[in-house]
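Visitor:
Protein chains: 2
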Amino acid sequence: MTNKRELFQIMTRRFGLLGKNCCSVGGYDLSAAQSHILYEIDRGRSPSMQQAADTLGTDITTFSRQIQSLVRMGLVEKSPAPSDRRISLLSLTTAGKFVAASIDKQMNSYLDEVFSYLTPFERETVLRSIELLNGAMAQSSRCCAPVRDEAEDHSGNES
Amino acid sequence: MTNKRELFQIMTRRFGLLGKNCCSVGGYDLSAAQSHILYEIDRGRSPSMQQAADTLGTDITTFSRQIQSLVRMGLVEKSPAPSDRRISLLSLTTAGKFVAASIDKQMNSYLDEVFSYLTPFERETVLRSIELLNGAMAQSSRCCAPVRDEAEDHSGNES
DNA sequence: CAATAAAACTTGTATGTTGCAAATTTAATT
DNA sequence: AATTAAATTTGCAACATACAAGTTTTATTG
Numbered sequence: 001m002t003n004k005r006e007l008f009q010i011m012t013r014r015f016g017l018l019g020k021n022c023c024s025v026g027g028y029d030l031s032a033a034q035s036h037i038l039y040e041i042d043r044g045r046s047p048s049m050q051q052a053a054d055t056l057g058t059d060i061t062t063f064s065r066q067i068q069s070l071v072r073m074g075l076v077e078k079s080p081a082p083s084d085r086r087i088s089l090l091s092l093t094t095a096g097k098f099v100a101a102s103i104d105k106q107m108n109s110y111l112d113e114v115f116s117y118l119t120p121f122e123r124e125t126v127l128r129s130i131e132l133l134n135g136a137m138a139q140s141s142r143c144c145a146p147v148r149d150e151a152e153d154h155s156g157n158e159s
Numbered sequence: 001m002t003n004k005r006e007l008f009q010i011m012t013r014r015f016g017l018l019g020k021n022c023c024s025v026g027g028y029d030l031s032a033a034q035s036h037i038l039y040e041i042d043r044g045r046s047p048s049m050q051q052a053a054d055t056l057g058t059d060i061t062t063f064s065r066q067i068q069s070l071v072r073m074g075l076v077e078k079s080p081a082p083s084d085r086r087i088s089l090l091s092l093t094t095a096g097k098f099v100a101a102s103i104d105k106q107m108n109s110y111l112d113e114v115f116s117y118l119t120p121f122e123r124e125t126v127l128r129s130i131e132l133l134n135g136a137m138a139q140s141s142r143c144c145a146p147v148r149d150e151a152e153d154h155s156g157n158e159s
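Pasting the structure below:
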C-alpha cells in the first residue's frame with residue numbers, strides 16, 4: 001500500500017490542480033507560475049532576471065515575457081542595476097506587495113484547512129517530512145538543481 | 001523556520017520542475033501530463049474518456065486532444081464501450097505498457113535516489129506523511145475534489 | 001414510434017505558453 | 001579600438017488550453 005511512486009503521483013497531481021487557476025486577488029487573476037514569481041521576488045533580495053529565472057527553473061525567454069506581463073499588470077518593477085546596466089533588478093510595486101500578501105493569506109488559509117484534517121502530532125510530522133523531502137530533493141543530482149532553498153553551492157558549476 | 005506556505009511553495013516548485021521534460025523512453029518523448037495519463041490508464045480499469053479526464057482534473061476537450069496524440073504515437077487505444085457506443089474506453093497498447101513500465105522504473109529510481117539521502121526512519125516518516133497529506137487534501141473542499149486515490153464517494157453527485 | 005432532450009466526445013477557433021535562434025544593449029578583455 | 005561575453009528581448013513556430021458549437025448514440029416522453 002505504501003507504493004512510493006503512487007503516493008508521489010497522486011500528490012503531484014493534486015499540486016498540479018492546486019495551481020490551475022490559482023489566486024484571484026482584487027481584480028488580478030494570476031496563474032500558478034505568476035504566483036511563484038511574485039513569491040520569489042517578494043522574499044528575494046531584488047533578484048535579477050537571471051537569478052529569479054534560475055531559481056524558478058524557468059527558461060529565461062519565457063521568464064522575460066512573464067515579467068513583461070506582471071509589469072504591464074503593475075505588480076512588478078524592473079530597474080537597471082547600478083553596478084551593471086545589463087542587469088534588471090526585480091521588485092514588487094505596492095500593488096504587487098499587496099497581491100503577494102493576499103495570495104500568501106489564501107495559501108495559508110488553504111493549508112490550514114488541509115491540516116485541520118490531521119491531528120496536531122500528524123501536522124508536526126507532515127511539516128517535518130516536507131522539510132526533509134525538500135532537503136533530499138535539493139541534494140539529488142537528477143532533479144531540481146536550479147531550485148535552492150536558502151543556501152546551496154555557490155561555487156562554479158560544471159566539472 | 002517551519003513556515004507552512006514556504007515549505008509547500010518550495011516543494012510545489014520542485015515537483016513542477018520534476019515534470020518539465022519528464023520521461024524519454026526509447027524514442028518516445030512524453031510530457032508530465034502524458035505521463036499522468038498513461039499512469040492513470042495503466043492502473044485504471046479501462047476508464048472512459050470522461051472518467052480519466054475527471055480523475056486527472058483536465059478539461060475534457062483538452063483531454064480529447066491529448067488522447068489523440070497518444071493514440072497517434074501508438075501508446076493508447078480507444079474502443080467503444082459495448083454497452084454504450086458513445087463511450088470510448090481507454091487502454092494501453094503493448095508499446096504503451098512498455099513505456100508506462102519504463103517511466104515507472106525511472107520515477108522509482110529517481111525517488112530511490114532522493115530517499116537515499118534520508119535515514120530509514122525518515123523514509124518511513126516521509127512516506128507516511130505523504131499518505132496523510134494526500135488523505136487530508138482529498139478531504140478538502142477547496143481543492144483537488146476531482147482527484148480520488150482509490151475509494152471515495154461513488155454515489156450520485158450533485159445535491 | 002417519432003420528436004426532443006441529454007450524454008460522451010470531437011472540432012473550430014482564439015488566446016496563451018514555451019523555447020530555440022537571432023538581435024540588442026552594455027560590460028569586460030586584449 | 002576591436003573582440004568576446006553576459007543579460008535580456010524579440011521573431012518565430014509548435015503546443016496547450018478552454019469555450020462554443022457540432023456529431024453520434026442513447027434516453028425520455030407524449
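Just so you know, the sequences run in chain order A and B. Here full-length UniProt numbering is used: the first residue of the first sequence is 1, the next is one more, and so on. Here full-length UniProt numbering is used: the first residue of the second sequence is 1, the next is one more, and so on. Each residue gets a CB set at the ideal place from its N, CA and C atoms; glycine is no exception.
#1: Figure out for me which residue from A33(A), Y28(A) and S69(A) has the closest Cα to the Cα of Q9(B).
#2: Measuring from the CB of N3(A), is there a heavy atom of the ligand GTP at a distance below 6 Å?
#3: Using a Cβ cut-off of 8 Å, which residues of the segment 52-67 of chain B contact any Cβ in chain A, in chain order?
#4: So which residues of chain B does Q34(A) contact, with C-beta pairs closer than 9 Å?
#5: For T94(B), does the count of other Cβ atoms within 10 angstroms reach 16, so buried, or fall short, so exposed?
#6: Starting from P120(A), trace the alpha helix (DSSP H) in both directions and tell me its first and last residue.
#7: Within 10 angstroms of the Cβ of A81(A), are there 16 or more other Cβ atoms? Answer buried if so, exposed if not.
#8: Which two residues bound the contiguous alpha helix (DSSP H) that contains S64(B)?
#9: Can you find a C-beta in chain B that's less than 7 Å from the C-beta of I37(A)?
#10: List the DSSP bridge partners of L90(B).
#11: Report the rounded CA-to-CA distance for A138(B) versus L70(B), giving the unit in angstroms.
#12: What does DSSP give as the partner residues of D29(B) in its beta bridges?
#13: If I follow the unbroken alpha helix (DSSP H) through D54(A), where does it start and stop?
#14: Just the C-alpha distance for R72(A) and R43(A), rounded to the nearest angstrom, thanks.
#15: Which whole-angstrom value describes the C-beta separation of V99(B) and Y28(B), a residue pair presumed to lie in contact below a C-beta threshold of 8 Å?
#16: Would you say the segment 44-59 of chain B touches the segment 98-117 of chain B, given that touching needs at least three Cβ pairs under 8 Å?
#17: Which same chain residues end up closer than 7 Å to Y117(A) when comparing Cβ atoms and leaving out the 5 residues on each side of it in sequence?
#18: In angstroms with no decimal places, state the Cα-to-Cα distance between A101(B) and S35(B).
#19: Mind listing the chain B neighbours of V126(A)? Cutoff is C-beta to C-beta under 7 Å, in chain order.
#20: Are V114(A) and S129(B) touching if we call contact CB-CB under 7 Å?
#21: Contact defined as beta carbons within less than 8 Å: I believe M49(A) pairs with N134(B). What is the distance between those atoms, to the nearest angstrom?
#22: Using only CA atoms, which one of S91(B), F63(B) and L127(B) lies nearest to R45(B)?
#23: Determine the burial state of Q66(A): buried for a count of at least 16 other Cβ atoms within 10 Å of its Cβ, exposed for fewer.
#24: With a threshold of 7 Å between beta-carbons, can L30(A) be considered close to chain B, or not?
#25: Do G96(A) and L127(A) come within 7 Å of each other at the CB atom, strictly closer than that value?
#26: Please go through the same chain and pick out, in chain order, the residues whose beta-carbon is closer than 6 Å to the beta-carbon of R123(B), but skip the five residues on each side of it.
#27: For a cutoff of 7 Å on Cβ pairs, would you count L92(B) as touching chain A?
#28: I need the straight-line Cα distance from D54(B) to T62(B), nearest angstrom please.
#29: Expressed to the nearest angstrom, what Euclidean distance is found between the alpha-carbon atoms of R85(B) and S88(A)?
#30: Please say whether L17(B) and C23(B) have beta carbons closer to each other than 7 Å?
#31: Looking only at its own chain, which residues have a Cβ that is under 6 Å from the Cβ of D112(A), when we skip the five neighbours before and after it?
Guide: According to the structure data:
#1: Here residue 9(B) corresponds to residue number 9 of the second sequence, with the count starting at 1. Taking only the C-alpha atoms, the option nearest Q9(B) is A33(A).
#2: The ligand GTP is not part of the structure shown, which contains no ligands of any sort.
#3: The residues in question are L56 and G57.
#4: As a working note, residue 34(A) is residue 34 in the first sequence. In chain order: nothing, as chain B lies at least about 13 Å away.
#5: Against the second sequence, residue 94(B) aligns to sequence position 94. Exposed, because fewer than 16 other Cβ atoms sit within 10 Å of the Cβ of T94(B).
#6: As a first step, residue 120(A) must be located in the first sequence, where it is residue number 120. That run of the alpha helix (DSSP H) goes P120 to Q139.
#7: Position 81 of the first sequence, counted from the start, is the residue given in the question as residue 81(A). Label assigned to A81(A): exposed.
#8: Within the second sequence, numbered from 1, the residue matching residue 64(B) stands at position 64. That run of the alpha helix (DSSP H) goes I60 to R72.
#9: Counting from 1 along the first sequence, the entry for residue 37(A) is found at position 37. No, I37(A) does not count as interfacial toward chain B.
#10: Counted from its first residue, the second sequence places residue 90(B) at position 90. Its beta-bridge partners are K78(B).
#11: Looking up residue 138(B) in the second sequence gives position 138. Looking up residue 70(B) in the second sequence gives position 70. Cα-Cα distance, rounded: 29 Å.
#12: For the purposes of this step, residue 29(B) is identified with residue 29 of the second sequence, where counting begins at 1. When beta bridges are read from the DSSP output, D29(B) appears opposite S24(B).
#13: Working through the first sequence from its first residue, we reach residue 54(A) at position 54. Secondary structure note for D54(A): its alpha helix (DSSP H) is the uninterrupted segment M49 to L56.
#14: Along the first sequence, read from residue 1 onward, the residue named residue 72(A) stands at position 72. Along the first sequence, read from residue 1 onward, the residue named residue 43(A) stands at position 43. Counting only the Cα atoms, R43(A) lies some 21 Å from R72(A).
#15: Reading the second sequence from its first residue, position 99 is the one you call residue 99(B). Reading the second sequence from its first residue, position 28 is the one you call residue 28(B). Their Cβ separation, rounded to whole angstroms, is 6 Å, which keeps V99(B) and Y28(B) in contact under 8 Å.
#16: Segments in contact, no.
#17: Taking the first sequence and counting its residues from 1, the one referred to as residue 117(A) is at position 117. There are no such residues.
#18: Mapped onto the second sequence, residue 101(B) falls at position 101. Mapped onto the second sequence, residue 35(B) falls at position 35. The alpha-carbon of A101(B) is positioned some 11 Å away from that of S35(B).
#19: Here residue 126(A) refers to the residue found at position 126 when the first sequence is read from its first residue. Result: S129, L132 and L133.
#20: Position 114 of the first sequence, counted from the start, is the residue given in the question as residue 114(A). Position 129 of the second sequence, counted from the start, is the residue given in the question as residue 129(B). Not a contact, by the Cβ cut-off of 7 Å.
#21: Translated into the one-based positions of the first sequence, residue 49(A) becomes position 49. Translated into the one-based positions of the second sequence, residue 134(B) becomes position 134. With a Cβ gap of about 36 Å, M49(A) and N134(B) do not count as contacting.
#22: Translated into positions along the second sequence, residue 45(B) becomes position 45. Among S91(B), F63(B) and L127(B), the Cα nearest to that of R45(B) belongs to S91(B).
#23: Walking along the first sequence from the start, residue 66(A) turns up at place 66. Buried, because 16 or more other Cβ atoms sit within 10 Å of the Cβ of Q66(A).
#24: Taking the first residue of the first sequence as position 1, residue 30(A) is located at position 30. No, L30(A) does not count as interfacial toward chain B.
#25: Translated into positions along the first sequence, residue 127(A) becomes position 127. Translated into positions along the first sequence, residue 96(A) becomes position 96. Contact: no.
#26: Indexing the second sequence from 1 puts residue 123(B) at position 123. Counting only Cβ-Cβ distances below 6 Å, and skipping sequence neighbours, we find F115.
#27: Here residue 92(B) refers to the residue found at position 92 when the second sequence is read from its first residue. Chain A contact via Cβ: absent.
#28: In the second sequence, the residue the question calls residue 54(B) occupies position 54. In the second sequence, the residue the question calls residue 62(B) occupies position 62. Those two C-alpha atoms are separated by around 12 Å.
#29: Position 85 of the second sequence holds residue 85(B). Position 88 of the first sequence holds residue 88(A). Between the C-alpha atoms of R85(B) and S88(A) there is a straight-line separation of about 58 Å.
#30: The count along the second sequence starts at 1 and reaches residue 23(B) at position 23. The count along the second sequence starts at 1 and reaches residue 17(B) at position 17. For C23(B) and L17(B), no; Cβs fall outside 7 Å.
#31: On the first sequence, residue 112(A) is found 112 positions in, with the first residue counted as 1. Excluding its 5 nearest sequence neighbours in each direction, D112(A) has no C-beta neighbour in its own chain below 6 Å.
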